[in-house]
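Residue numbers (this note's numbering), protein chains in the order written: chain A, 35 to 379; chain B, 35 to 379; chain C, 35 to 379; chain D, 35 to 379. Before any comments, here is the structure.
This is how it looks when you write it as structure tokens:
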């Protein structure tokens, strides 16, 4: 049994990690930390898990955490992981960090949108944990920068098509929509029920920090600098993310070509589902799961492709992918603990 | 492996049965029937389960279903099961019927609110499948009348208190609230998004067919005829049911007495959770699970008790309890297939 | 034109007052105050009203406010109005206070659930602003304690029946459900979208501060002390409140008797609508309006009545009733500014 | 007083027309027709308006309707208006048709996506009722083809920019999101609460019938054939539509240039609001109103503009704009009946 700890267990991503790990037959969840709820039973904060999770929240302490874990999940806001992760690695722990701190290979790209990086040396060895794209590297890694939710939903449908030269990387527009849980459990006016319900709007247009993250990975696929247009929107729902992505087709590409390209690239990937006949995927169909469903339609009159992907922002967009990364790092089955049959509604 | 079939698999309760059975390690789901979608892959109707359920909907045929199943779940509107169940029993199948057809021991009570009963003889041996109350009988049964959602949520908190003479059965008032999925997947104006959203109202006041069902079981507990006041309401949400129940206390009963009574009665019941300190339970905490959470507060100035229970109407209120019944009938662990860790939100 | 000011204009009740007053043809809205947004245009906080409201938020200053108003609405949390209102009255202003500070005639009842009262002398002359019940007094008043949302929804259906001796006041149980906007615009975990959506639960069972307020007024109707059982619940919606109220009928009372009693008592009341044939009222039908719709059903087997009322908690439960009070105080038509045709959905 | 009739008054658009017209001081609403509810009081179908609308639904009869109206609103599915409108015009009635039947000047464009047109001759004189763009023509018209909701939200932000040559018409991509009420009040699986809640998806990608409508009008602005890429999505909310529109900038255009262009074009338009500093507009801010709020951001690195518009699909996207058209046709103030102050939430 692998012993796992969750640092920052009482945010939404942290609690979702607890849910998944508590149901993972290869893992023994031994530590949950929370500054705010230190000393309280985890289930006093999340009563849904009463009877199934029997842990008390504790304050983070490097030695204490290391003594009881083999792998540590960091579910903290960016900046904090930079301070904690080096200590964990020194004790030989494997780490999956859900913040942005270890997603970038280029520190300048990180510092341009976050803040000065205090553990730059680790960026050389940390691996971007997009499992379907970087599986081999992940299997060898000690430190994973778990991808952002928007980048996961945007890169997965695009990567194979860019790599195969099907689309013009300069033409990419990603119109993305996220449920409110992406904002986390901290208090903010914009996350209040009365502000979200019956409301839909774009936000941070031209200034969202997930954009450079996408650009870095898509540039790898294109082997040239890519700078997409990215507009995030806030949906009146808890969980779910949809990305509708537009790009110019580079050459005569048929619907079948695109299907074959995606199907081949993701042939061994248990969590990628290409929809039948390009049917637009629905966030409801991946709710609570680690799936990324992808559909597409060709706008032949305009020589454009319309790609659509859906994920659960808390699962494939955060905690599910984190566990998938752990599975790969620890030599477990990639989908262990992530196989729950989805709800029909 | 137990071979199971779901008759009426494309309604919400049927699809929820498919979800649970597909994830049940002791069950091989072999047959799904649907008149409307006969010939179509089940996942063309419920794409969320693509990759996890590989069955084609078929029309119901007694011989064909019996040849491939050990147990059959009937998820059809009442009246149809009366016609199909005798044939299944004749072939030696165990049957869990989710309709009202086999819930009543008294045919007259059934006929007063439904229609003439065409298989009355079976009512003598069918068992009311409220697992926590009638476990021994269920273990011996061939035919289960799976309880209605409202009765499940109302009887569970009341039964031990009535049996122990803590409350006056003539004083019971049940104010119940249900999510929309209780209305099923058939088309109706009242189930449209625009009619439900930002709407809350009572319905069928004084005339809901679950009332005689509650009365029959509560009368057993009281050993006298009980006729409660029951008002169902429709909530603007998909899944979840809350019942707030009022009754006069019969004698000097303390908070601790009530807690002890409930805790003792349900001591071996994995799906009953008494909340800490009487905290009101939240439907969100049982969403997607087979739990029934119970809380209570004493209104000492008025010598009344306020009982509150929550269930997921599609799980403990329908398909989850149906699988729990099957587990008991087939000698499996009572909670097999029903152990998924609940979502934090 | 009556000059009106709103103190605390950027909470939900305050902003709703601004909405109603800005569309009121007999009123000139001259002042909006907000500590938090002082100096900012009101429409920078509530952009929906851009082009229709052209006022800048200012800090409260007694002299400055008095110089530009005839009537002042206080939309602040309780305790603050006690400090501000005496100064306004001294300047001869009429005041409608939406907090609890001036609702009680008995200071001890207030202090038992709020805090020490620092303007007790005013309680002798302040009037409880339940317009349909205390119209004459309101017309003479200088200071109105605007009723709480729950008390409005509970007292309106009960008052005539208690007064006429139709029901036993000792038997009253009020099971009430409120939309989230009742919690206001301040930040709290329980008001977050992800906590509210797909959730329903009771709260503050046996301890909500609206209960003594109801008791005081219902005792007036009964001419004896009344202590009801009251359980509030939180609905996954923004606006709307439903109360289902149970009571024992005192004597042989027919459906027609109840209808006639309510219809007679509210014959001159433009905002009370008795539903046809007792049909359960729907919160969606009063959304954004000052209506209180009332329905009822007799549970003759148990000799009980089931009363159901719906209001918009922000309108008839707060700001709409406040304007109705102002209309009465200032000699305007009772429904001025409150006549918008409701939305069909 | 202008006498108005609503044909098809019990769909959502029809009922919304009734709401607006019942509150319009220059209009006497005299006729409401409904095949389904003929003979029933309108408020038995929409109880929210009880006490404010006192009309009985009747079957459509040309003579009877004409005898009691000056202007007739057609709120029927396309195809039916073609049959009814000629008769109304013959009697000298003004007609605003909310279907697609009279939106196209080119019958072939209509027939390519709807069905054979049986009143083609009227297309020569019918006017496309996008009020802010075609005001003069509308003022002279007898028959208005009221614009579709998507075209309204897409054309309004684009028209001035295309006309001024700011953007490349070949590069336009419109990513649009609509609330469920756009699907109307008829029964369909996709409009059920349980299917919509916590769901978001694209639909009819590349095949929505509003696309040729947009193309026809945008081609007018561009003076060349325009064929945009258009993807509609379904939002889990009742009312509201957001369009995020991408286009390549044709030349060096600054943020101020775009603002000035839009502000100048819409200087006399009471229902167009340009947001401050390009802030993304929010559907919640126009809910229940006839406003179209427009925001925009320049993606200078990609030389693209991102335009965002929001409307209430039932008001500016249907019934509100229909009344605005009537106001213009009848010589009333353009905003008469459409001035309600919006809700803060």
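Cβ coordinates follow ideal geometry from the N, Cα and C atoms, glycine included. Note that this is a predicted model, so its numbers are computed, not measured.
Quiz item: For residue 67 of chain C versus residue 37 of chain C, is the C-beta distance shorter than 7 angstroms?
Solution: Position 33 of the third chain, counted from the first residue, corresponds to residue 67 of chain C. Position 3 of the third chain, counted from the first residue, corresponds to residue 37 of chain C. No, the pair does not count as a contact, with Cβ atoms beyond the cut-off.
Quiz prompt | Residue-level contact to chain B via CB, residue 56 of chain A, 7 angstroms cutoff | solution = Counting from one through the first chain, the residue named residue 56 of chain A turns up at place 22. Answer yes: the Cβ-Cβ gap between residue 56 of chain A and chain B drops below 7 angstroms somewhere.
Practice problem: Run down chain D in chain order and give the residues with a C-beta less than 8 angstroms from the C-beta of residue 269 of chain A. | Solution: By 1-based counting over the first chain, the position of residue 269 of chain A is 235. Near residue 269 of chain A (Cβ distances below 8 angstroms), the residues of chain D are 234, 269, 270.
Practice problem: Output, in sequence order along the chain, the residues in the stretch 294-320 of chain C whose CB is closer than 7 angstroms to any CB in chain B. | Solution: 314, 315, 316, 317, 318
Exercise. State yes or no: is the beta carbon of residue 81 of chain B nearer than 7 angstroms to at least one beta carbon in chain A?
Key: Numbered from its first residue, the second chain carries residue 81 of chain B at position 47. Yes, residue 81 of chain B lies at the interface with chain A (some Cβ there is under 7 angstroms from its Cβ).
Quiz item: Roughly how many whole angstroms lie between the Cα atoms of residue 145 of chain C and residue 241 of chain C?
Solution: Translated into positions along the third chain, residue 145 of chain C becomes position 111. Translated into positions along the third chain, residue 241 of chain C becomes position 207. Between residue 145 of chain C and residue 241 of chain C, the C-alpha separation is close to 14 angstroms.
Practice problem: Measure the CB-CB distance between residue 209 of chain D and residue 278 of chain D and report whether it falls below 7 angstroms. | Solution: By 1-based counting over the fourth chain, the position of residue 209 of chain D is 175. By 1-based counting over the fourth chain, the position of residue 278 of chain D is 244. Cβ distance < 7 angstroms, so residue 209 of chain D and residue 278 of chain D count as in contact.
Practice problem: At 8 angstroms on the CB atoms, spell out the chain C contacts of residue 335 of chain B, in chain order. | Solution: For the purposes of this step, residue 335 of chain B is taken as residue 301 along the second chain, with counting starting at 1. Those are 261, listed as they occur along chain C.
Quiz item: With DSSP run on the structure shown, which of helix, strand or coil describes residue 140 of chain C?
Solution: For this step, residue 140 of chain C is matched to residue 106 along the third chain. It is coil, neither helix nor strand.
Quiz item: Does DSSP classify residue 83 of chain C as helix, strand or coil?
Solution: Numbered from 1 along the third chain, position 49 holds the residue referred to as residue 83 of chain C. Correct three-state label for residue 83 of chain C: helix.
Quiz item: How many Å lie between residue 345 of chain C and residue 272 of chain B at the Cα?
Solution: For the purposes of this step, residue 345 of chain C is identified with residue 311 of the third chain, where counting begins at 1. For the purposes of this step, residue 272 of chain B is identified with residue 238 of the second chain, where counting begins at 1. Distance between the alpha carbons of residue 345 of chain C and residue 272 of chain B: 23 angstroms.
Quiz item: Could you give the residue range of the alpha helix (DSSP H) that holds residue 379 of chain A?
Solution: Looking up residue 379 of chain A in the first chain gives position 345. Per DSSP, residue 379 of chain A belongs to no alpha helix (DSSP H) and is neither H nor E.
Quiz item: Who are residue 276 of chain A's beta bridge partners in DSSP?
Solution: Within the first chain, the letter at position 242 stands for residue 276 of chain A. Partner(s): A/211, A/344.
Exercise. Would you identify the three-state DSSP class for residue 116 of chain A, choosing helix, strand or coil?
Key: Here residue 116 of chain A refers to the residue found at position 82 when the first chain is read from its first residue. Looking at residue 116 of chain A - three-state DSSP - the assignment turns out to be helix.
Quiz prompt | Beta carbon proximity, residue 375 of chain A to chain B, threshold 7 angstroms | solution = As a first step, residue 375 of chain A must be located in the first chain, where it is residue number 341. So yes, residue 375 of chain A belongs to the interface.
Quiz item: Of all Cβ atoms in chain A, is any one closer than 7 angstroms to the Cβ of residue 197 of chain D?
Solution: Taking the fourth chain and counting its residues from 1, the one referred to as residue 197 of chain D is at position 163. So no, residue 197 of chain D is outside the interface.
Quiz prompt | Those runs of the alpha helix (DSSP H) which lie wholly inside the stretch 213-283 of chain D and span at least 4 residues | solution = 227-230, 244-256
Quiz prompt | Proximal chain A residues relative to residue 110 of chain C, where beta-carbon distance stays under 8 angstroms | solution = By one-based count along the third chain, residue 110 of chain C stands at place 76. Ordered by position in chain A, no residue passes the 8 angstroms Cβ test against residue 110 of chain C, which lies about 19 angstroms from the chain.
Exercise. Just tell me which of B/53, B/43, B/82, B/52 has its CA closest to the CA of residue 72 of chain B.
Key: Here residue 72 of chain B is taken as the residue at index 38 of the second chain, counted from 1. Nearest option by C-alpha distance: B/43.
Quiz item: Who are the Cβ neighbours of residue 77 of chain B in its own chain at under 7 angstroms, not counting the five residues just before and after it?
Solution: Start at 1 with the first residue of the second chain, and residue 77 of chain B comes out as number 43. These residues qualify, in order along the chain: 83, 84, 87.
Quiz item: Since residue 75 of chain B sits in a beta bridge, which residues does DSSP pair it with?
Solution: Locating residue 75 of chain B in the second chain gives position 41, counting from the first residue. For residue 75 of chain B, which the question treats as bridged, DSSP gives the partners B/90.
Quiz prompt | Buried versus exposed call for residue 249 of chain A [16 or more other C-beta atoms within 10 Å across all chains shown] | solution = On the first chain, residue 249 of chain A is found 215 positions in, with the first residue counted as 1. That one is buried.
Quiz item: Does the stretch 158-171 of chain A touch the stretch 226-246 of chain A, meaning 3 or more C-beta pairs lie closer than 8 angstroms?
Solution: no
Quiz prompt | Inter-stretch contact (C-beta, 8 angstroms, three-pair minimum) for the stretch 188-207 of chain D and the stretch 174-191 of chain B | solution = no
Self-check item: Contacts that residue 46 of chain C makes with chain A (C-beta to C-beta distance below 9 angstroms)
Solution: Numbered from its first residue, the third chain carries residue 46 of chain C at position 12. Residues of chain A passing the Cβ test: 228.
Exercise. Per DSSP, which residues does residue 38 of chain C bridge with? Please list them.
Key: One-based indexing of the third chain puts residue 38 of chain C at position 4. In the DSSP output, where bridge partners are listed per residue, residue 38 of chain C has C/63, C/105.
Exercise. Examine the Cβ distances between the stretch 110-117 of chain B and the stretch 347-359 of chain A and report whether three or more of them are shorter than 8 angstroms.
Key: no
Exercise. Return the CA-CA distance between residue 55 of chain C and residue 231 of chain A, expressed in angstroms with no decimal places.
Key: Residue mapping note: residue 55 of chain C aligns to position 21 of the third chain, counting from 1. Residue mapping note: residue 231 of chain A aligns to position 197 of the first chain, counting from 1. So the alpha carbons of these two residues sit roughly 25 angstroms apart.
Quiz prompt | For residue 312 of chain C, three-class secondary structure by DSSP | solution = Taking the first residue of the third chain as position 1, residue 312 of chain C is located at position 278. If DSSP states are grouped into helix, strand and coil, residue 312 of chain C belongs with the helices.
Quiz item: Is there at least one Cβ from chain B nearer than 7 angstroms to residue 84 of chain A's Cβ?
Solution: Here the question's residue 84 of chain A lines up with position 50 in the first chain. Interface residue, yes.
Practice problem: Could you tell me the distance, in whole angstroms, from the CA atom of residue 61 of chain B to the CA atom of residue 105 of chain B? | Solution: The sequence position of residue 61 of chain B within the second chain is 27, counting from 1. The sequence position of residue 105 of chain B within the second chain is 71, counting from 1. Roughly 10 angstroms between the two C-alpha positions.
Quiz item: Counting Cβ pairs, one atom from each stretch, are 3 or more of them under 8 angstroms apart for the stretch 364-372 of chain C and the stretch 297-315 of chain C?
Solution: yes
Quiz item: Are there 16 or more other CB atoms within 10 angstroms of the CB of residue 297 of chain A, so buried, or fewer, so exposed?
Solution: Residue numbering aside, residue 297 of chain A sits at position 263 when the first chain is read from its first letter. Its Cβ having fewer than 16 others within 10 Å, residue 297 of chain A is exposed.
Practice problem: Under 7 angstroms Cβ to Cβ from residue 329 of chain D, same chain only, skipping five residues before and after it: list those, please. | Solution: As a first step, residue 329 of chain D is located in the fourth chain; it is residue number 295 there, counting from the start. Closer than 7 angstroms at Cβ, skipping near neighbours: 309, 312, 313, 314, 315, 342.
Quiz item: What is the DSSP secondary structure of residue 202 of chain D, counted as helix, strand or coil?
Solution: Locating residue 202 of chain D in the fourth chain gives position 168, counting from the first residue. The answer is coil: DSSP assigns residue 202 of chain D none of H, G, I, E or B.
Quiz item: Where does residue 135 of chain C land, buried or exposed, given buried means 16+ other C-beta within 10 angstroms?
Solution: Position 101 of the third chain, counted from the start, is the residue given in the question as residue 135 of chain C. Buried.
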